[in-house]
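In full-length UniProt numbering, the protein residues as written are 1 to 440.
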Amino acid sequence: MDSRGAEHAVVVGAGMAGLLAAAVASRHHGRVTVVERDVLAGRGDRRGVPQGGQAHDMLARGHQIIEELLPGLTARLEAEGAPRGDAGQNARWIISGGPLPRVHAGLDVLPATRALRESLVRERVAALPGVTVLDGTAVLRPTTGGDGTVVTGVVCEGAEGPFTLDADLVIDTAGRGSRTAAWLQELGYPRPEEERRRIDVNYVTCHYRTPEEAFRGDVSINTMATPETPRGASCQRVEDGRTVLTVYGILGERPPADHDGLLAFTKSLPTGDVHEVIEVSTPVSEPVRYRFPANLRRRYERLEDFPAGLLVLGDSLCSTNPRYGQGMTVAAQSALVLDEHLGRDPRPDPLAFLRDLTARVVDGVWETTIVTDLSYPGVEGERTEEVLWMHHFFLRVLAAAEQDPEVALAVIRACTLVDTFESLAEPGVMAAVERHGGPL
Ligand SMILES: Cc1cc2nc3c(=O)[nH]c(=O)nc-3n(C[C@H](O)[C@H](O)[C@H](O)COP(=O)(O)OP(=O)(O)OC[C@H]3O[C@@H](n4cnc5c(N)ncnc54)[C@H](O)[C@@H]3O)c2cc1C
């Protein structure tokens, strides 16, 4: 298949990062081909996204960006039955053992299964001018020119055997299992440093039918694990009138994967909110396990040399502890950075892109995740004075947030990535924190 064109971008993988990258690439490239290994039929869970069956929170910032890139997606989600609420009024937050007060955040939250959200995004992206989604086709490796210094396309394997897709730009969004680091090595480039930070989160997910009144007008309940109680739960109303419950344990604590055990597990959480819902719910699926061993980051931005025509983003670049629910939002934020770089040059300088993306999106999310994970005594890593100060600071902010709607709003905005975590250090928030608990 000869597809050489003046402006052709190939995106590897049709996960959330790939679809959003394709949406922005279509603004700058005449043709965009999204190559996906899975056969994309219907709206079910699929093999290439094994985590897809677990509850997937879409943080408010991610939702805003997706609506901006694909206007009307909120309405489509609602039409498909995803309940709509306000992130401060209708989402119950239990972050540090106690509930945050209700506060109008002015931020949409529409819980839905990952399968539904992704399929709606995919339908919209596939309908954009110039975009083709080539499913049932695996990317095997890049093709190169100029002695391996320029990526010129990809070798694929579909139902009818291998073929080459020529491209002006290849964007790797193949997820955590991305092969780019190995490909670079095969081309004679150094392998990027890989940072792994063990956290060992064990998930179990089950779907239920729940009487609507059990949620007391809310769309979701998020009970986060704490070092004192290293277990948490995300309980959401989703499309089709279903409830998705995902429970998890940190550092090897394994929740039970049977119905009675799950109910008992919800009773052991710091508040009774999730238990109250599950107690009156009827299971409609079998519990499914998933294990997330470690935060993982590939430091491509530290390389001194990188082939032209190749970019990396999404979980291929950085995959963090999912209990903070950030992955899809980071993919959306990364798409905005990509849009800027493609706007300047449809074939941008890869290292300039990777360094900018790292500084503006990835570093902040990675650092907050690692610092928060380090509050668990069993997590390996150096607890510098700065880390200990941040633990103290977050604890004080969260304690104040449980009493003060203004601080609660700041926390919700930071946790949903609408604002950065640095915004919690703004004078207004700091003053409220000190008012509630004395000098910091
Ligand atoms: C248990 C768990 C729970 C999570 N919960 C949340 C949450 O609540 N909120 C949130 O925002 N994020 C969550 N995440 C993270 C989220 O799933 C990802 O960060 C997000 O989907 C972005 O991933 P991605 O598109 O980069 O990769 P993926 O979603 O992994 O997609 C990669 C795609 O590439 C395809 N592919 C791979 N190799 C090839 C190849 N060689 N050729 C062609 N196609 C290929 C795969 O089939 C797949 O479709 C969770 C993750 C886990 C593990």
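Glycine included, each C-beta is placed from N, C-alpha and C at the ideal position.
Reduced DSSP secondary structure (H/G/I, E/B, other) of A87:
In this structure, A87 counts as coil in the three-state DSSP scheme.
What do you get for S281, buried or exposed, if any count of 16 or more other CB atoms within 10 angstroms of its CB means buried?
It is buried - the Cβ of S281 has at least 16 other Cβ atoms within 10 Å.
Does any heavy atom of ligand 1 sit closer than 7 Å to the C-beta of N176?
With the sequence shown as reference, residue 176 is identified as Arg, and Asn is not the correct amino acid for it. Distances from the CB of R176 to the heavy atoms of ligand 1 include at least one below 7 Å.
Rounding to the nearest angstrom, what Cα-Cα distance links I278 and M58 in this structure?
So the alpha carbons of these two residues sit roughly 22 Å apart.
Spatial neighbours of V150 in its chain, beta-carbon cut-off 8 Å, leaving aside the 5 residues before and after
Within the same chain, V150 has close Cβ partners T144, P307, A308, G309.
In whole angstroms, what is the alpha-carbon distance linking Y324 and C415?
If you take the alpha carbons of Y324 and C415, they lie about 8 Å apart.
Please state whether DSSP places T271 in a helix, a strand or coil.
DSSP places T271 in the coil class of the three-state scheme, outside both helix and strand.
Compute the Euclidean distance between the alpha carbons of G53 and N321, then round it to the nearest angstrom.
Near 16 Å, if we compare the C-alpha coordinates of N321 and G53.
C-beta contact flag for N90 and D258 at 8 Å
It is not a contact, given that the beta carbons lie outside the stated cut-off.
By the DSSP assignment, the beta strand (DSSP E) with V288 in it spans what residues?
Note, V288: beta strand (DSSP E), 288-298.
Going by the C-beta, is residue 444 closer than 7 Å to any heavy atom of ligand 1?
The question about residue 444 has no answer here: the residues shown for the chain are numbered 1 through 440.
Within the same chain, show all residues whose beta-carbon is closer than 6 Å to that of K267, passing over the 5 residues directly before and after it, in chain order.
Closer than 6 Å at the Cβ level, and outside the excluded window around K267, lie H275.
Beta-carbon spacing of A401, Q236 below 8 Å
No, Cβ-Cβ distance for A401 and Q236 is not below 8 Å.
Taking its Cβ as the centre, do 16 or more other Cβ atoms sit within 10 Å of T420, making it buried, or is it exposed?
If you draw a 10 Å sphere on the C-beta of T420, you find fewer than 16 other C-beta atoms in it, and that means exposed.
Look up Q236 in the DSSP assignment and say whether it is helix, strand or coil.
Looking at Q236 - three-state DSSP - the assignment turns out to be strand.
Per-residue burial, M1 [other beta carbons within 10 Å of its own, 16 or more giving buried]:
Legend: pLDDT at M1 = 38, less than 50; position of this residue unreliable, no value from coordinates given.
Would the C-beta of T173 count as close to ligand 1, meaning under 7 Å from any of its heavy atoms?
Checking every heavy atom of ligand 1 against the Cβ of T173, one is found closer than 7 Å.
Taking the Cβ atom as the reference point for each residue, do R231 and A115 lie within a distance shorter than 8 Å?
Taking the C-beta atoms as reference points, A115 is found no nearer than 8 Å to R231.
Inter-residue spacing [alpha-carbon to alpha-carbon] between S375 and F393:
The alpha-carbon atoms of S375 and F393 are separated by roughly 12 Å.
Return the chain-ordered ranges of every alpha helix (DSSP H) run that is complete within the stretch 338-373 and spans a minimum of 4 residues.
Listed in chain order, the complete alpha helix (DSSP H) runs (minimum 4 residues) inside the stretch 338-373 are 350-357, 363-373.
Measuring from the CB of H56, is there a heavy atom of ligand 1 at a distance below 7 Å?
Yes, since a heavy atom of ligand 1 falls inside the 7 Å radius drawn around the Cβ of H56.
Confirm the yes/no value for this check: CB of V139, any heavy atom of ligand 1, distance under 7 Å.
Result yes, Cβ under 7 Å from ligand 1.
Ligand 1 heavy atoms versus the CB of E36: any closer than 7 Å?
Distance from the C-beta of E36 to the nearest heavy atom of ligand 1 is below 7 Å.
Restricting to Cα atoms, I'd like to know which of A233, L313, A167, P405 is closest to P142.
Closest by alpha carbon: A167.
Would you check if the distance between the CB atom of E239 and the CB atom of G81 is smaller than 8 Å?
In terms of Cβ geometry, E239 and G81 form a close pair [threshold 8 Å].
Is D168 helix, strand or coil by DSSP?
When secondary structure is reduced to three states using DSSP, D168 falls in the coil class, being assigned neither helix nor strand.
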